[in-house]
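Residue numbers (our numbering): 21 to 225.
Listed below in structure tokens is the structure:
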């Protein structure tokens with residue numbers, strides 16, 4: 021969840037504040053607050069419906085039809101149903117939502133482990149707080165509307181390493197290694213899901 025990403029940013033900010041590097045700490049804090057405020061405002065505006073109805077019509081989502089059990093319905097209606105379910109879940113199961121946020125936070129922590137290992141094999145030592153900063157920069161740049169974050173993903177590594185005066189060649193090599201790791205895990209997931217889907221279809225026939 022985005023809340024887990026916000027907590028990840030706050031945790032990185034604490035590491036910078038402890039080292040009295042307030043500029044980076046404030047940046048990560050601002051990122052975390054931005055995400056939480058975005059979630060809060062989205063939930064408030066969702067209830068009024070008019071704002072999101074305008075966005076749906078702006079992008080013609082009400083004209084796109086999706087197949088459901090009851091026939092074909094506008095994509096905008098499906099998005100509304102999903103949003104209502106998410107908000108109801110947060111209100112009715114707050115403890116479970118907090119656990120989901122913690123799970124997302126620890127998932128983000130696990131995501132930085134390959135970065136640490138790759139840096140080790142590349143012969144570069146980078147402090148943990150800088151790796152947290154890199155993780156936040158990756159999240160920021162992934163918001164760019166580009167397929168699979170092409171270019172923006174690599175740019176987040178180059179920018180972070182340049183800010184801290186680190187070797188840009190290592191940054192580029194690290195970004196390629198992490199891209200390859202993402203491709204491998206996504207490929208395995210696609211292979212497993214495809215195999216499972218084909219198996220279910222054969223059993224159905």
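The C-beta atom is built at its ideal place from N, Cα and C for all residues, glycine as well.
Note that the coordinates shown come from a computational prediction; the quantities given were computed from them, not determined experimentally.
Under the three-state DSSP convention, the category residue 180 falls into: Counting from 1 along the chain shown, the entry for residue 180 is found at position 160. Of the three classes helix, strand and coil, the one that applies to residue 180 here is helix, per DSSP.
Burial state of residue 55, where buried means 16 or more other Cβ atoms lie within 10 Å: Here residue 55 refers to the residue found at position 35 when the chain shown is read from its first residue. Flag for residue 55 reads buried.
Outcome for residue 146 when other beta-carbon atoms lying within 10 angstroms are tallied against a minimum of 16: The count along the chain shown starts at 1 and reaches residue 146 at position 126. Buried is the call here.
Proximity of residue 24 and residue 124 at Cβ, strictly below 7 Å: On the chain shown, residue 24 is found 4 positions in, with the first residue counted as 1. On the chain shown, residue 124 is found 104 positions in, with the first residue counted as 1. Their beta carbons are under 7 Å apart, which means residue 24 touches residue 124 by this criterion.
Helix, strand or coil at residue 39 [DSSP, three-state]: Reading the chain shown from its first residue, position 19 is the one you call residue 39. DSSP places residue 39 in coil when its eight states are reduced to three.
Alpha-carbon spacing of residue 173 relative to residue 108, whole angstroms: Here the question's residue 173 lines up with position 153 in the chain shown. Here the question's residue 108 lines up with position 88 in the chain shown. Taking the straight line from one Cα to the other gives about 34 Å.
Run of the alpha helix (DSSP H) containing residue 80, from where it starts to where it stops: In the chain shown, the residue the question calls residue 80 occupies position 60. Careful: residue 80 lies outside any alpha helix (DSSP H) and carries neither H nor E.
Beta-carbon proximity check, residue 150 vs residue 184, cutoff 7 Å: Within the chain shown, residue 150 is the residue found at index 130, counting from 1. Within the chain shown, residue 184 is the residue found at index 164, counting from 1. At a Cβ-Cβ threshold of 7 Å, residue 150 and residue 184 count as neighbours.
Terminal residues of the alpha helix (DSSP H) in which residue 148 lies: For this step, residue 148 is matched to residue 128 along the chain shown. It spans 148–161 - the alpha helix (DSSP H) in which residue 148 sits, taken as one unbroken run.
Backbone secondary structure at residue 93 - three-state DSSP: Your numbering for residue 93 matches position 73 in the chain shown. Three-state result, residue 93: strand.
Where residue 104 falls: helix, strand or coil (DSSP): For the purposes of this step, residue 104 is identified with residue 84 of the chain shown, where counting begins at 1. In this structure, DSSP gives residue 104 a helical state, which the three-state scheme calls helix.
CA-to-CA distance, residue 103 to residue 96, given in whole angstroms: Locating residue 96 in the chain shown gives position 76, where the first residue counts as 1. Locating residue 103 in the chain shown gives position 83, where the first residue counts as 1. Near 10 Å, if we compare the C-alpha coordinates of residue 103 and residue 96.
Neighbour-count burial assignment, residue 191, 16 or more Cβ in a 10 Å radius: Taking the chain shown and counting its residues from 1, one reaches residue 191 at position 171. Residue 191 sits buried, since 16 or more C-beta atoms from the chains shown fall within 10 Å of its C-beta.
Same chain only: Cβ atoms within 7 Å of residue 201, ignoring 5 sequence neighbours per side: Within the chain shown, residue 201 is the residue found at index 181, counting from 1. Taken in chain order, the residues that qualify are 134.
Residue 213 (DSSP reduced to helix, strand or coil): For this step, residue 213 is matched to residue 193 along the chain shown. Three-state DSSP puts residue 213 in a helix.
CB of residue 196 within 7 Å of CB of residue 176, strictly: Here the question's residue 196 lines up with position 176 in the chain shown. Here the question's residue 176 lines up with position 156 in the chain shown. Going by C-beta atoms, residue 196 is not nearer than 7 Å to residue 176.
Distance CB(residue 29)-CB(residue 48) smaller than 7 Å: Residue numbering aside, residue 29 sits at position 9 when the chain shown is read from its first letter. Residue numbering aside, residue 48 sits at position 28 when the chain shown is read from its first letter. A contact, by the Cβ cut-off of 7 Å.
Simplified DSSP state of residue 206, which is helix, strand or coil: On the chain shown, residue 206 is found 186 positions in, with the first residue counted as 1. The three-state reading of DSSP puts residue 206 in helix, counting H, G and I together.
Burial state of residue 36, where buried means 16 or more other Cβ atoms lie within 10 Å: In the chain shown, counting from the first residue as 1, residue 36 sits at position 16. Counting Cβ neighbours within 10 Å, residue 36 comes out buried, since at least 16 surround it.
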